[in-house]
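Peer 1: Input: one structure, supplied below.
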RNA sequence: GCCCCCAUCGUCUAGUGGCCUAGGACACCACCCUUUCAAGGUGGCGGCACGGGUUCGAAUCCCGUUGGGGGUGCCA
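Residue numbers (the working numbering): 12 to 485.
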């Protein structure tokens with residue numbers, strides 16, 4: 012730790028989407044920067060030219076903004092691009108070479124491997140340490156790892172010591188003279204006066220190397236903090252291949268940013284008090300690296316959804332309607348787009364709100380209101396219609412609804428009275444009507460939709476169901 | 001193989017030697033409420049990996065075992 016001004020950095024490499032693990036790391040950095048009046052530096056590590064596209068950077072900035080890390084916030088600095096500092100990386104490498112702290116080696120990667128295999132010791136064996144090679148094409152610059160022990164002081168893990176004998180003379184500059192990650196990362200952190208490096212645990216094994224680099228460059232190393240990785244159900248690090256890790260995807264499915272942020276923060280840490288659902292302001296007040304757990308955390312979509320459901324329910328109904336709009340007017344809605352009626356949805360919104368845990372679920376919740384003939388779940392239909400008296404009941408309901416006052420309570424009482432006539436409780440009585448109207452056996456409450464659909468449409472669907480169920484044409 | 005990290009209910013966690021008969025949340029189960037489904041309410045199930053120490057006292061400290069994870073690139 013040092014007395015330097017608090018400067019944290021988040022340094023993702025652009026890969027086309029924003030990883031939830033990266034989001035959590037960014038949030039940890041952000042919470043600290045906000046409370047301590049520090050600076051959050053965004054640096055895009057785009058040195059791997061093979062995978063690097065400008066639009067991916069926009070994706071990262073956009074995703075960060077979504078979780079509340081806004082580029083126009085005074086605590087935010089950047090983005091910087093690592094590729095722009097290549098000269099500085101090479102200059103630092105030269106400095107190390109001139110000082111005798113690094114040396115060139117002409118062994119190819121294959122040769123290094125062969126030697127390792129032959130000797131039985133893994134890694135590079137220091138073959139060119141004392142050969143005094145000059146720079147040249149194909150020659151890599153390697154760091155001369157000193158003897159001794161490197162002790163990394165980590166804010167979440169305490170002191171971790173590494174025997175330098177286990178650290179090979181790692182590569183600083185490739186054979187084509189371009190800088191490697193370890194070097195570039197340190198040189199940039201030095202240049203940007205980074206005081207705290209808060210990143211995922213997978214970087215812990217790199218840390219002794221980077222700390223040696225800081226020292227070789229004549230700098231006091233930053234405070235380190237390695238937070239546990241996020242894992243899947245198999246307890247493996249979340250991977251792009253097997254797991255759903257893209258923040259953008261969760262966003263598209265209708266997870267609320269606040270819910271995502273809150274949930275992410277509870278992975279490896281917990282706010283005080285009996286509830287985990289807390290506002291960001293409380294998180295900022297309470298979050299401390301020293302309190303971060305030491306073991307990996309399972310990213311549980313079920314729990315995320317529970318958080319999301321809670322956040323959705325807390326929304327004012329107007330806000331809920333607003334947030335649902337994109338899903339209801341998307342290109343892939345199941346109904347003919349011109350049949351969508353916003354005021355009908357608004358009338359239903361409150362009933363829908365307690366029944367979804369993701370915004371994209373609202374579509375299936377109200378589709379029957381905008382579909383001329385909602386698809387009917389065959390099994391559910393068969394089951395509802397095979398109940399004793401179901402057909403008779405449907406016929407009677409049709410008769411009653413032909414003249415009944417078109418009012419929620421009247422509709423309810425009428426249907427229940429017909430049901431009672433057949434010895435059916437309200438729950439049973441509404442089943443055939445529900446399937447006739449919505450095509451499903453479950454859904455939002457029944458009578459509000461009936462009112463919205465109107466007498467004519469309600470009767471049309473009821474008659475169609477009666478016919479389909481084999482009853483007399485009514 | 002080697003290096004490093006880690007270990008409390010199924011999961012995320014609270015716990016920093018006595019407030020622990022181990023608390024909360026998600027999930028699950030039951031009941032209540034109820035026009036289905038939710039939501040809400042009440043209750044329940046369920047854990048300190050194991051073995052040794054240290055101590056009057058250990059989930060908390062130490063050692064070992066076992067089990068997990070991460071790293072081991074001229075990737076980042």
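A virtual CB, placed ideally from N, CA and C, is assigned to each residue, including glycine.
1. Buried or exposed: where does residue 100 fall if 16 or more other Cβ atoms within 10 Å of its Cβ makes it buried?
2. DSSP on residue 365, reduced to helix/strand/coil?
3. Can you find the residues in the same chain that come closer than 6 Å, C-beta to C-beta, to residue 232, ignoring five residues on each side of it along the sequence?
4. When you compare only the Cα positions, how much space is there between residue 27 and residue 88?
5. Taking one C-beta from the segment 384-404 and one from the segment 428-439 each time, how about it: are there three or more such pairs within less than 8 Å?
6. Taking 8 Å as the cut-off, does the segment 377-394 touch the segment 434-452 (at least 3 CB pairs, one atom from each stretch)?
7. Is the CB-CB distance between residue 279 and residue 239 below 7 Å?
8. Are the beta-carbon atoms belonging to residue 43 and residue 19 less than 7 Å from one another?
9. Should residue 436 be labelled buried (16 or more other beta-carbon atoms within 10 Å of its own) or exposed?
10. With a threshold of 8 Å on Cβ separation, who are the neighbours of residue 459 within its own chain once the five nearest residues in sequence on each side are excluded?
11. How is the alpha helix (DSSP H) around residue 160 delimited, first residue to last?
12. Does the segment 247-263 come close enough to the segment 68-84 that 3 or more CB-CB pairs lie under 8 Å?
13. Assign residue 481 to one of two classes, buried (16 or more other C-beta atoms within 10 Å of its C-beta) or exposed (fewer than that).
14. Along the chain, where does the beta strand (DSSP E) containing residue 18 start, and where does it finish?
15. Tell me, to the nearest whole angstrom, how far the beta carbon of residue 163 is from that of residue 219; I am working on the premise that it is less than 8 Å.
16. Would you mind working out which of 114, 376 and 428 sits nearest residue 141, comparing C-alpha positions?
17. So for residue 379, helix, strand or coil by DSSP?
18. Tell me, to the nearest whole angstrom, how far the beta carbon of residue 6 is from that of residue 241; I am working on the premise that it is less than 8 Å.
19. Look up residue 174 in the DSSP assignment and give the residues it is bridged to.
20. Rounded to whole angstroms, what is the Cα-Cα separation between residue 170 and residue 217?
21. In chain order, what residues of the same chain have a beta carbon less than 6 Å from the beta carbon of residue 298, not counting five sequence neighbours either side?
22. Can you tell me whether residue 12 is buried or exposed, with buried defined as 16 or more other CB within 10 angstroms of its CB?
23. Distance, Cα to Cα, residue 188 vs residue 78?
24. Run through DSSP, which three-state label would residue 485 get?
25. Using the Cα positions of residue 467 and residue 329, report the straight-line distance between them to the nearest angstrom.
26. Is the segment 192-210 touching the segment 128-141 in the sense that three or more CB pairs, one from each, lie closer than 8 Å?
27. Is the beta carbon of residue 154 closer than 7 Å to that of residue 174?
28. By DSSP, does residue 237 sit in helix, in strand, or in coil?
29. Thinking just about the alpha-carbon of each residue, which of 305, 54, 102 and 286 is nearest to the one in residue 205?
30. With which residues is residue 169 paired in a DSSP beta bridge?
31. Are residue 322 and residue 373 touching if we call contact CB-CB under 7 Å?
32. Less than 8 Å between C-beta atoms, sequence neighbours within five positions excluded: which residues of the same chain meet that for residue 215?
33. Taking 6 Å as the limit between beta carbons, can you name the residues of its chain near residue 371, skipping five residues before and five after?
34. If you follow the alpha helix (DSSP H) that residue 321 is part of, which residue opens it and which one closes it?
35. Does DSSP put residue 90 in a helix, in a strand, or in coil?
36. Between the C-alpha atoms of residue 191 and residue 106, what's the straight-line distance to the nearest angstrom?
Peer 2: Walking through what the data contain:
1. That one is buried.
2. In this structure, residue 365 counts as coil in the three-state DSSP scheme.
3. Excluding residues within five positions, the ones whose Cβ falls inside 6 Å are 222 and 225.
4. Residue 27 and residue 88: Cα-Cα distance of roughly 22 Å.
5. Contact between the segment 384-404 and the segment 428-439 is present, because at least three Cβ pairs lie under 8 Å.
6. Touching, yes, given that three or more Cβ pairs across the two stretches are closer than 8 Å.
7. Taking 7 Å as the Cβ cut-off, residue 279 and residue 239 qualify as a contacting pair.
8. Yes. Within cutoff.
9. Classification of residue 436: exposed, given that the 10 Å Cβ count is below 16.
10. Take residue 459, set aside five residues on each side of it, and the residues of its chain with a beta-carbon closer than 8 Å to its own are 358, 359, 362 and 419, in chain order.
11. Looking at the DSSP string, residue 160 is not in any alpha helix (DSSP H); the run it does join, the beta strand (DSSP E), is 160-165.
12. Yes, since at least three Cβ pairs between the segment 68-84 and the segment 247-263 fall closer than 8 Å, the two stretches touch.
13. Exposed, by the Cβ-count rule.
14. Where residue 18 is concerned, the enclosing beta strand (DSSP E) stretches over 18-21.
15. Sure, about 6 Å apart at Cβ, within 8 Å.
16. The candidate whose alpha carbon is nearest that of residue 141 is 114.
17. Helix.
18. Residue 6 cannot be examined here, being either before or after the span of the chain that is shown, 12 to 485.
19. The partner list for residue 174 (beta bridge, DSSP) reads 160.
20. Taking the CA atoms as reference points, residue 170 sits about 15 Å from residue 217.
21. Within the same chain, 42 come within 6 Å of residue 298 by CB-CB distance, once the 5 residues on both sides are set aside.
22. Caution is warranted here: a pLDDT of 46 is assigned to residue 12, below 50, making its placement in the model unreliable, and no coordinate value can be reported.
23. Straight-line Cα distance between these residues: approximately 38 Å.
24. Per-residue confidence for residue 485 stands at a pLDDT of 49, beneath the threshold of 50, marking its modelled position as unreliable; no derived number is given.
25. For residue 467 and residue 329, the distance between alpha carbons rounds to 30 Å.
26. Fewer than three pairs of CB atoms, one per stretch, sit closer than 8 Å, so the segment 128-141 makes no contact with the segment 192-210.
27. Contact check for residue 174 against residue 154 fails: the beta carbons are separated by 7 Å or more.
28. In the structure shown, residue 237 sits in a strand (DSSP, three-state: E or B).
29. Ranking the options by Cα distance to residue 205, first place goes to 54.
30. In the DSSP secondary-structure assignment, residue 169 is bridged to 165.
31. Note that the C-beta distance between residue 322 and residue 373 is not below 7 Å.
32. Cβ within range, chain order: 163, 165, 168, 171 and 237.
33. Same-chain partners within the cutoff: 264, 265 and 338.
34. It spans 312-325 - the alpha helix (DSSP H) in which residue 321 sits, taken as one unbroken run.
35. Judged by DSSP in its simplified three-state form, residue 90 adopts strand.
36. The alpha-carbon atoms of residue 191 and residue 106 are separated by roughly 15 Å.
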